[in-house]
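J.: Would you mind keeping the following structure in view while I ask a few things?
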Amino acid sequence: RRMEALVKRKEGEKKKEEKKGGFENDLEHTFAFAMGQKPAWILELEALGQSHIAKALTNADEKDAESLMSQLASLDNNYPGGLRAYVANAKRLLRESKLGVNVFKNLKPYPPEGAKLNVIEGGRISRKYIDMETHGYKELSRSAFVLVAGGLGERLGYSGIKIGLPCELETSCCYLALYAKYIQAAEATDTKRMLRLPLVIMTSDDTHAKTLELLEKNDF
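Using our numbering, the first residue of the sequence shown is number 1466, and each one after it goes up by one.
Below, the structure written as structure tokens:
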């Protein structure tokens, strides 16, 4: 009865975008097995040797099943080649690891050349600096910012998280706020594309709650 009710509810829902095939399309027919047949995504999982996941899905409650199905759909749509390629690649890597295959055998590490930029040259802004900055801005729409924030400021004599430390004394703007404002300034440079640059913050058990508190306190 619970499965039949879920199927009816699913049939009444309207999605904003229709997608063909794959796990995303099968979400429209979730729990079709309640009608006495296996949905395509169950057969797909079994064909990939993932029958344990298929079993978990059929035995899960509505909330957990939908959560897992959403993850499968996301992986199938975003991983090159979908779930089939993901499973095949994972098996290949595990097999090579077991055989002791060194994937770096024919590669030689070397330090990158890099570039040294001087903002001011000959009393004016460097042309090379301007050119590279212009090129960098073109790549902004495909960029993301990652902030490693897993440590406390104890060694600095600060009881809070490091990203909560003030960067200067006049406004007491903390490091996280300065970082976020820098990203916002970068977004504001391109008004045509309305850039929204992702910021990923890596936290730890020591810093997670305090990081959320700092974000809420600063209205970010």
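Ideal placement from N, C-alpha and C gives every residue a C-beta, glycine not left out.
Is it true that the CB of THR1676 sits closer than 7 Å to the CB of ALA1614?
T.: Yes. Within cutoff.
J.: Check this for me: beta carbons of ALA1521 and LEU1510, under 7 Å apart or not?
T.: No, Cβ-Cβ distance for ALA1521 and LEU1510 is not below 7 Å.
J.: DSSP on ARG1703, reduced to helix/strand/coil?
T.: In the structure displayed, the chain extends from 1466 to 1685; residue 1703 sits before or after that span and is not available.
J.: Which of the three DSSP states, helix, strand or coil, is assigned to GLU1578?
T.: Correct three-state label for GLU1578: coil.
J.: Under a Cβ-count criterion, where at least 16 other Cβ atoms within 10 Å of its own Cβ denotes burial, should THR1672 be classed as buried or exposed?
T.: Looking at its Cβ environment, which holds 16 or more other Cβ atoms inside 10 Å, THR1672 is buried.
J.: Should ILE1590 go down as buried or exposed, given a rule of 16 or more other Cβ atoms within 10 Å for buried?
T.: Exposed.
J.: Please identify the residue among ARG1661, ASN1583, LEU1605 and PHE1569 whose C-alpha is closest to the C-alpha of ILE1595.
T.: Of ARG1661, ASN1583, LEU1605 and PHE1569, the residue nearest in Cα terms is ASN1583.
J.: With distances taken between CB atoms, is the gap from TYR1644 to LEU1630 smaller than 7 Å?
T.: It is not a contact, given that the beta carbons lie outside the stated cut-off.
J.: Just to check, is the beta-carbon of GLU1527 closer than 6 Å to a non-hydrogen atom of the ligand ATP?
T.: Absent from the structure shown: the ligand ATP. Ligands present: none.
J.: Just list the residues that DSSP pairs VAL1584 with in beta bridges.
T.: Partner(s): none; VAL1584 has no beta bridge.
J.: Thinking C-beta only, is ARG1661 closer than 7 Å to SER1606?
T.: Going by C-beta atoms, SER1606 is not nearer than 7 Å to ARG1661.
J.: Tell me the rounded alpha-carbon separation between GLY1547 and SER1624.
T.: So the two alpha carbons sit approximately 46 Å from each other.
J.: In terms of residues, what are the limits of the alpha helix (DSSP H) holding MET1534?
T.: That run of the alpha helix (DSSP H) goes 1527-1543.
J.: So, under 8 Å CB-CB, ALA1550 and TYR1544 are touching, yes? Tell me the CB distance rounded to an integer number of Å.
T.: At roughly 6 Å, the Cβ-Cβ gap stays under 8 Å, so ALA1550 and TYR1544 are in contact.
J.: Please classify ASP1541 as buried or exposed, where buried requires at least 16 other C-beta atoms within 10 Å of its C-beta.
T.: Under this definition ASP1541 is a buried residue.
J.: So PHE1610 packs on PRO1577, CB below 8 Å; how close in whole Å?
T.: At roughly 21 Å, the Cβ-Cβ gap does not stay under 8 Å, so PHE1610 and PRO1577 are not in contact.
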